[in-house]
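Protein chains in written order, with our numbering: chain Y, 1 to 61; chain L, 62 to 284; chain W, 285 to 519; chain R, 520 to 755.
No residue lacks a Cβ here, since even glycine has one placed at the ideal position from N, Cα and C.
Given the structure is predicted, the values throughout are model-derived calculations rather than measurements.
Beneath this line is the structure, given in structure tokens, with notes to follow.
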Amino acid sequence: MDHFTFLVAAYAAIFVVIFLYVLFVWRRQSALEAELREMEARLKELIESPRSDEELPSRHP
Amino acid sequence: MAAFAAILRKDLRLELRSGESTVALLAISLLILVVMVFALDASRARGAESAAGALWVALVFSGMLGATRALLAERDNNCIRGLLLSPIEPSTLYAAKLAAAFIFMAIAEIGSVILMVLFFNLNFDITLIRLAPILALGTLGFAALATLLAAISNRTRMGDLLLPILAVPIFVPALIAGVKASASALGGTPESAIAEWLKILIAFDVLFVTAGYLLFEYVVRED
Amino acid sequence: MSSMVRKGLGYLSLALMFVAIFMVFDWVPTEAEQGIAQRIFYFHVPCAWVAFAAFGIVALAGILYLWLGERMWDDLGYAAAEIGMVFCTLVLLTGSLWAKPIWGVWWTWDSRLTTTFILWLMYGGYLLLRSSADDSPQVARFAAVVGIVAALDVPVVIVSVRLWRTIHPAVLITKTGEHGLEDPRMVVALLVSLAAFTIFFVWLLTLRFAQLRARTRLHRMGQEIALAEMRAGDR
Amino acid sequence: MAAPVVETHELGKTYGQHHVLRDLDLRLLPGRAIFIVGANGAGKSTLLRILAGLSAPTAGRALIFGLDSRRLGPRYRRRIGMLAHQSYLYPNLTARENLEFCAELYAISDPRGSAARWLERVGLERFAERRVRALSRGMEQRLAAARAMIADPGLLLLDEPFASLDSEAVQIIMSLIREAVARGASLVASAHVVPEVQDLEFEVFDLARATLTRRPPTRDSADAGRIARLRSLLGR
Numbered sequence: 001m002d003h004f005t006f007l008v009a010a011y012a013a014i015f016v017v018i019f020l021y022v023l024f025v026w027r028r029q030s031a032l033e034a035e036l037r038e039m040e041a042r043l044k045e046l047i048e049s050p051r052s053d054e055e056l057p058s059r060h061p
Numbered sequence: 062m063a064a065f066a067a068i069l070r071k072d073l074r075l076e077l078r079s080g081e082s083t084v085a086l087l088a089i090s091l092l093i094l095v096v097m098v099f100a101l102d103a104s105r106a107r108g109a110e111s112a113a114g115a116l117w118v119a120l121v122f123s124g125m126l127g128a129t130r131a132l133l134a135e136r137d138n139n140c141i142r143g144l145l146l147s148p149i150e151p152s153t154l155y156a157a158k159l160a161a162a163f164i165f166m167a168i169a170e171i172g173s174v175i176l177m178v179l180f181f182n183l184n185f186d187i188t189l190i191r192l193a194p195i196l197a198l199g200t201l202g203f204a205a206l207a208t209l210l211a212a213i214s215n216r217t218r219m220g221d222l223l224l225p226i227l228a229v230p231i232f233v234p235a236l237i238a239g240v241k242a243s244a245s246a247l248g249g250t251p252e253s254a255i256a257e258w259l260k261i262l263i264a265f266d267v268l269f270v271t272a273g274y275l276l277f278e279y280v281v282r283e284d
Numbered sequence: 285m286s287s288m289v290r291k292g293l294g295y296l297s298l299a300l301m302f303v304a305i306f307m308v309f310d311w312v313p314t315e316a317e318q319g320i321a322q323r324i325f326y327f328h329v330p331c332a333w334v335a336f337a338a339f340g341i342v343a344l345a346g347i348l349y350l351w352l353g354e355r356m357w358d359d360l361g362y363a364a365a366e367i368g369m370v371f372c373t374l375v376l377l378t379g380s381l382w383a384k385p386i387w388g389v390w391w392t393w394d395s396r397l398t399t400t401f402i403l404w405l406m407y408g409g410y411l412l413l414r415s416s417a418d419d420s421p422q423v424a425r426f427a428a429v430v431g432i433v434a435a436l437d438v439p440v441v442i443v444s445v446r447l448w449r450t451i452h453p454a455v456l457i458t459k460t461g462e463h464g465l466e467d468p469r470m471v472v473a474l475l476v477s478l479a480a481f482t483i484f485f486v487w488l489l490t491l492r493f494a495q496l497r498a499r500t501r502l503h504r505m506g507q508e509i510a511l512a513e514m515r516a517g518d519r
Numbered sequence: 520m521a522a523p524v525v526e527t528h529e530l531g532k533t534y535g536q537h538h539v540l541r542d543l544d545l546r547l548l549p550g551r552a553i554f555i556v557g558a559n560g561a562g563k564s565t566l567l568r569i570l571a572g573l574s575a576p577t578a579g580r581a582l583i584f585g586l587d588s589r590r591l592g593p594r595y596r597r598r599i600g601m602l603a604h605q606s607y608l609y610p611n612l613t614a615r616e617n618l619e620f621c622a623e624l625y626a627i628s629d630p631r632g633s634a635a636r637w638l639e640r641v642g643l644e645r646f647a648e649r650r651v652r653a654l655s656r657g658m659e660q661r662l663a664a665a666r667a668m669i670a671d672p673g674l675l676l677l678d679e680p681f682a683s684l685d686s687e688a689v690q691i692i693m694s695l696i697r698e699a700v701a702r703g704a705s706l707v708a709s710a711h712v713v714p715e716v717q718d719l720e721f722e723v724f725d726l727a728r729a730t731l732t733r734r735p736p737t738r739d740s741a742d743a744g745r746i747a748r749l750r751s752l753l754g755r
């Protein structure tokens, strides 16, 4: 292998690893959004259930 | 101070009674030395250096066992909680556990040194005395580190598997210094060659005994 | 940090990345002694810098967490450790790909390589610890302690490894890390890469940090909803 | 009015999304006793662990001797005695050694003397040199009670103190508790049924659905107390 191959391999490695990590972060993001949607559904159910309107969780600052 | 003495005395009494830890530590040290003899081919390898290496491998492994055992004594009947409830400071508990681990390890090391001399065909002579401060410093450093980290690994899902993963990389500088210094001591190089390594060992010890003393509180606490 | 600023940082780092790549592949002169493989250096060094900075943040966040007890610092430490580990891996990978053509071996126990490798092991343990226990204040404390202890170890590692290697001079190391950047264009390329990576790091860290913060808040919200559900069920 | 020994404000404890305790307001004055009654897993142990300063509440706070339960220094920890299912005794130490060790931890002036005294009080003087692992469950719990009370605590936290004990052990531990309360100590104990405790006035709280509700003193329980007292006067 000539030196140029190593050079390309090194830069390819950098971008592949970074890409994989960003992908991982992105997937976490979708998981988080799914969790949020589930929570919103629960909240909605809670609001719509009778006689519990004053029992809403306090909002977070 | 009285509480420190009480806990240490209690641990030593428990150990005298069962002898489990010391025997286990000695057995591990013996086995590691045997493995090293075959792995390094003791008859041909450079005696002093292989012997020093084998000795420190034994130290690391027996140390992990020693620190775990010192904390394990508190697991039956949840005794650790009894200690946390009592009016002692967590740092005092750390000091006592560190001392117990140090003593267990020191006993195992005396055994290892004797075996090392036999297995690697060294001589029982004055050079062995030069090993004492090096081993003492290394043992103190490893006991300090492992006592702190064992309290962590103890309570994770991975359990004691986590201890070597956390402790060994952090111990590397002391390991390098210890092996090099021991090899020089056994090989009969002048004291001045060892001084640099001893400085590293001392720095490591000061750093980690202090860190453990200050941080132990955060790792023994319950949730 | 507002998401606008973060977005801006992301694009800026991307643009700088392209400039840096152009410089490395087409603009800088080839170093006389090491040849073309020396160009790995322009991204290798920024990776190392980012990894070290990230590990520094881990220790700092650990101290702040133990001191102030705020969940935020734990999230910051986690984000930094993860990113530091990614870049530390890259340092080792690129270092290895550089060592092979220059020194003829994939790996040599040269002092910098060894130090980086030990760091990699330490923070690998840190991340393993985090993943081996549930998300609780206890794990946060454990991680903070390990982060602090690991950082304390770094100077001792550096000194001991250097001493280890000078006492036993390795045959392989001919002209070690002395990168004589004889051409000013080399310096410019390095600086541009450093800037690109630093901004990229800030972008990534704030992104991951914000994500972990959001997760924490989401969990707290879940707790409150569960509480409200219990209260609603009381009647 | 004396300052309360235990005071909690909207105390809550959550594990993940599971609320073990919520909105607990509790006040305990010196010399008073509380029994917390709830099913297994209702959170009684969690509450006692919080009051002992072992566990941090996730909402609200607990004040013990007027101090935040997470910041109890040695001086205050010394005044809390805890007795739970786990005895905190070393199986490989003898009964005497365990008590002496405990006395040393609590910096009691004459560890040997006080260990001997307490062995006698829990009726274990004949078993002083026996290892804890060789004691029966009842004897071990008696020893654990001695351990909890060796430093004359001002606050006793008892987590199901009588669960699966023989009647002798129950009697002995009960009399120790009575003495301690008579001396002015406060008591928080958990149980899964209202205990029949003679000569001890206590309030009962039910712990269910993660909240505490005070049980009004019913005629039944008052009668039961009176009957029990009469019975004891008549020697059964």
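Neighbouring residues, chain R, relative to residue i (Cβ below 9 Å)
| i | result |
| --- | --- |
| residue 518(W) | 728 and 730 |
Secondary structure of residue i, DSSP reduced to three states
| i | result |
| --- | --- |
| residue 623(R) | helix |
| residue 616(R) | helix |
| residue 100(L) | helix |
| residue 728(R) | coil |
| residue 707(R) | strand |
| residue 599(R) | strand |
| residue 249(L) | coil |
| residue 425(W) | helix |
| residue 186(L) | coil |
| residue 675(R) | strand |
| residue 645(R) | helix |
| residue 294(W) | helix |
Cα-Cα separation between residue i and residue j, rounded to whole angstroms
| i | j | result |
| --- | --- | --- |
| residue 537(R) | residue 726(R) | 16 Å |
| residue 432(W) | residue 733(R) | 47 Å |
| residue 140(L) | residue 607(R) | 4 Å |
| residue 510(W) | residue 652(R) | 44 Å |
| residue 557(R) | residue 33(Y) | 38 Å |
| residue 233(L) | residue 117(L) | 11 Å |
| residue 613(R) | residue 633(R) | 15 Å |
| residue 43(Y) | residue 36(Y) | 10 Å |
| residue 673(R) | residue 721(R) | 16 Å |
| residue 90(L) | residue 96(L) | 10 Å |
Contact check, residue i vs residue j, beta carbons under 9 Å
| i | j | result |
| --- | --- | --- |
| residue 94(L) | residue 173(L) | yes |
| residue 341(W) | residue 361(W) | yes |
| residue 235(L) | residue 169(L) | no |
| residue 63(L) | residue 620(R) | no |
| residue 165(L) | residue 127(L) | yes |
| residue 609(R) | residue 158(L) | no |
| residue 641(R) | residue 695(R) | yes |
| residue 11(Y) | residue 367(W) | no |
| residue 555(R) | residue 731(R) | yes |
| residue 331(W) | residue 14(Y) | yes |
| residue 303(W) | residue 476(W) | yes |
| residue 355(W) | residue 424(W) | yes |
| residue 338(W) | residue 495(W) | no |
Beta-carbon neighbours of residue i, restricted to chain Y and to distances below 8 Å
| i | result |
| --- | --- |
| residue 495(W) | 25, 28, 29 and 32 |
Listed by chain order, chain W residues near residue i by CB distance under 8 Å
| i | result |
| --- | --- |
| residue 538(R) | 507, 510, 511 and 514 |
| residue 48(Y) | Here the premise fails: no neighbours, minimum Cβ distance about 11 Å. |
Contacts of residue i in chain W (Cβ-Cβ under 7 Å)
| i | result |
| --- | --- |
| residue 265(L) | 440 |
| residue 284(L) | 420, 421 and 422 |
| residue 533(R) | 507 |
Neighbouring residues, chain Y, relative to residue i (Cβ below 7 Å)
| i | result |
| --- | --- |
| residue 311(W) | Chain Y residues near residue 311(W): none, gap ~14 Å exceeds 7 Å. |
Contacts that residue i makes with chain Y (C-beta to C-beta distance below 9 Å)
| i | result |
| --- | --- |
| residue 388(W) | Going along chain Y, no residue has its Cβ under 9 Å from residue 388(W), so there is no contact; the nearest lies around 12 Å. |
Per-residue contacts from residue i into chain L (C-beta, under 9 Å)
| i | result |
| --- | --- |
| residue 623(R) | 63, 64, 66, 67, 68, 70 and 71 |
Neighbouring residues, chain L, relative to residue i (Cβ below 7 Å)
| i | result |
| --- | --- |
| residue 690(R) | Those do not exist, as residue 690(R) stays about 23 Å from chain L at its closest Cβ, beyond 7 Å. |
Closer than 9 Å at the beta carbon, the chain W residues around residue i
| i | result |
| --- | --- |
| residue 473(R) | As shown, chain R starts at 520 and ends at 755. That puts residue 473(R) outside it, with no answer to give. |
Inset, instruction - Would you mind listing the beta strand (DSSP E) stretches within the region 523-591 of chain R that are 3+ residues and don't spill past its ends, in chain order? - result: 525-534, 537-547, 552-556 and 578-583
Legend entry - Ordered list of alpha helix (DSSP H) runs contained in the region 185-246 of chain L, each at least 4 residues: 188-214
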